[in-house]
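In my numbering, the protein residues as written are 336 to 737.
Backbone N, C-alpha and C fix where the C-beta goes; we use that ideal spot for every residue, glycine too.
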Amino acid sequence: MVTHTEQLRRRLDAATAHLDPPYAVVDLAAFDANAAALAERAGGKPIRIASKSLRCPELIARALARPGWRGVMAFTLPEALRLVEAGVTDDALVAYPTADRGALARLAADPALAGAVTLMVDGTEQLDLIDAECPPGRRPPLRICLELDASWRPLGGRVHVGVRRSPVHSARAAGALAAAITGRPGFRLVGLMAYEAQIAGLGDAPPGQAAYGAAIRLAQRGSYRELLARRGAAVAAVREHADLAFVNGGGTGSLAATSADPAVTEVTAGSGLYGPTLFDAYRAWRPTPAAFFACAVVRRPGPGLATVLGGGWIASGPAAASRLPRPWLPAGLKLLGAEGAGEVQTPLAGRAAADLRVGDRVWFRHAKAGELCEHVNELHLVDGDAVVATVPTYRGEGHAYL
336 MVTHTEQLRR
346 RLDAATAHLD
356 PPYAVVDLAA
366 FDANAAALAE
376 RAGGKPIRIA
386 SKSLRCPELI
396 ARALARPGWR
406 GVMAFTLPEA
416 LRLVEAGVTD
426 DALVAYPTAD
436 RGALARLAAD
446 PALAGAVTLM
456 VDGTEQLDLI
466 DAECPPGRRP
476 PLRICLELDA
486 SWRPLGGRVH
496 VGVRRSPVHS
506 ARAAGALAAA
516 ITGRPGFRLV
526 GLMAYEAQIA
536 GLGDAPPGQA
546 AYGAAIRLAQ
556 RGSYRELLAR
566 RGAAVAAVRE
576 HADLAFVNGG
586 GTGSLAATSA
596 DPAVTEVTAG
606 SGLYGPTLFD
616 AYRAWRPTPA
626 AFFACAVVRR
636 PGPGLATVLG
646 GGWIASGPAA
656 ASRLPRPWLP
666 AGLKLLGAEG
676 AGEVQTPLAG
686 RAAADLRVGD
696 RVWFRHAKAG
706 ELCEHVNELH
716 LVDGDAVVAT
726 VPTYRGEGHA
736 YL
């Protein structure tokens, strides 16, 4: 009997037989199924698409055309401006504060852009930078979102669980910053964001680490309870100063839990559309793998070994095996511990390696969603056993936003 993975390999091989590796593909059936599943998990709250997880305008637009998806969370201001100017969205929230003076000048010079893009701040010094570049009397009002830090700090703050983002942690601090923003001309406070990375971005079932997984789940439960109360209080404090249009939170890994928070009006997701390997470590929901890249076998260095050209598409984050790409098809391949995934060549072992011949393709899955697109100029969109479109990535359009 032919397994599902073997069927997938045959489909991808047939669809891309005319292409020379390396190249990347997105399986549209899996992409669309993931989009529908994420919308269902959001429980009726709109999903803002995390564009850094896709880095392909065509696929961002495809997701936004589906029920339940609305608006973009961009990772830089130039990217947000580009997506608005290209007509991909008319609602772009920049997820991180910006110090890009040229992009700020472009934003301030165009009332249409200023009405479509929301800037992130977590302190008044960011407002000072904006005012220095674009004085308030010479620009339209700029939309502002306040970022509340969502990390958990138990034991009186002696322990820090989560990433280090905004310095605004308490409801009182959020209210004070909201008062400062609304008290300055040229700014409109329209949103609040709190991204719980320790829940949304940390798999709770790491393979082969049962005790560690149990510890993660315990910490996530404690963090969720604390954030539920603190985020609600912060939203109430900010609403004393501004009529918020949105309160954003979550990510693919926490979509259902974050959507259940009554203080949250919208959630964010993106990685779950591609289904990279980091999301194999979640219990609640695992996306169907939809994005792959292919490398060609170019040598057989010894019995039971096959080497592909390239393959070292390593993900950002802590230097660990979880950031390595995973040889996926044919099933039964593994990286060598002494070499890993190399810049120019990647030797593979495992039960499937002996059957590979020079010229064969090996299909990999990458660890973090959008970073795949920093290695290719285009994505080949596969429907069934055919490539139905080839679309540019940000890199293919000539843009390197970070």
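GLU601 has ASN583 as its beta-bridge partners, per DSSP. Within the region 512-571, the beta strand (DSSP E) runs of at least 3 residues that lie entirely inside it are, in chain order, 522-529. Counting the other Cβ atoms within 10 Å of the Cβ of VAL494 gives fewer than 16, which makes it exposed. Taking ALA616 as the centre and dropping the five residues before and after it, the same chain places the C-beta of GLY538, ALA540 and PRO541 closer than 6 Å to its C-beta, in chain order. Annotation: ALA629 is outside any alpha helix (DSSP H); the continuous beta strand (DSSP E) that includes it extends over 626-634.
Around the C-beta of ALA656, fewer than 16 other C-beta atoms lie within 10 Å, and the residue is accordingly described as exposed. Counting along the chain, LEU462 sits inside the alpha helix (DSSP H) bounded by residues 459-468. Ranked by Cα distance from ARG686, the first of GLY705, VAL419, GLU706 and TRP663 is TRP663. If you draw a straight line from the Cα of GLY645 to the Cα of ALA377, it comes to about 38 Å. If the five residues before and after ASP596 are omitted, its C-beta is found closer than 7 Å to the C-beta atoms of LEU563, ARG566 and GLY584, all from its own chain and listed in chain order.
With three or more CB-CB distances shorter than 8 Å, the region 474-485 counts as touching the region 504-513. In this structure the region 343-361 lies against the region 699-711, because at least three pairs of beta carbons, one per stretch, are closer than 8 Å. DSSP lists VAL632 and THR681 as the beta-bridge partner residues of VAL643. A direct Cα-Cα distance of roughly 16 Å separates GLY548 from ALA532.
Separation of the CB atoms of ARG345 and TRP698 is rounded to 11 Å, and the pair is thereby denied contact status at 8 Å.
Counting C-beta atoms within 10 angstroms of its own C-beta, HIS576 has 16 or more neighbours from the protein chains shown and is therefore classed as buried. Collapsing the DSSP output to three states places PRO413 in a helix. Rounded to the nearest whole angstrom, the C-alpha separation of VAL643 and HIS339 is 24 Å.
Our two residues, GLY610 and ASP355, have alpha carbons roughly 24 Å apart in a direct line. With respect to ALA604, LEU590 sits close: the two C-beta atoms are nearer than 7 Å. Counting along the chain, ARG730 sits inside no beta strand (DSSP E), nor does DSSP assign it H or E at all.
Note on geometry: alpha-carbon atoms of ARG401 and ALA370 lie some 8 Å from one another. Nearest to SER651 by alpha-carbon distance, out of ARG383, GLY705 and ALA598, is GLY705. Rounded to whole angstroms, the Cβ separation of VAL602 and ILE382 is 6 Å, and the two are in contact under 8 Å. In this structure the region 508-517 touches the region 442-462; the number of beta carbon pairs closer than 8 Å is three or more.
The way I'd put it, the region 717-728 doesn't touch the region 675-684; fewer than three beta-carbon pairs between them come closer than 8 Å. Taking a cut-off of 8 Å for Cβ pairs, the region 395-412 and the region 622-635 do not touch, as fewer than three such pairs fall below it.
Per DSSP, reduced to three states, the secondary structure at TYR609 is helical. Secondary structure at PRO432: coil, using DSSP grouped into helix, strand and coil.
Leaving aside the five residues that flank ALA554 on each side, the residues in its chain whose CB is nearer than 6 Å to its CB run, in chain order, VAL496. Between ALA598 and VAL573, the C-beta spacing is not below 7 Å. In the three-state DSSP reduction, ASP362 falls in the strand class (E or B).
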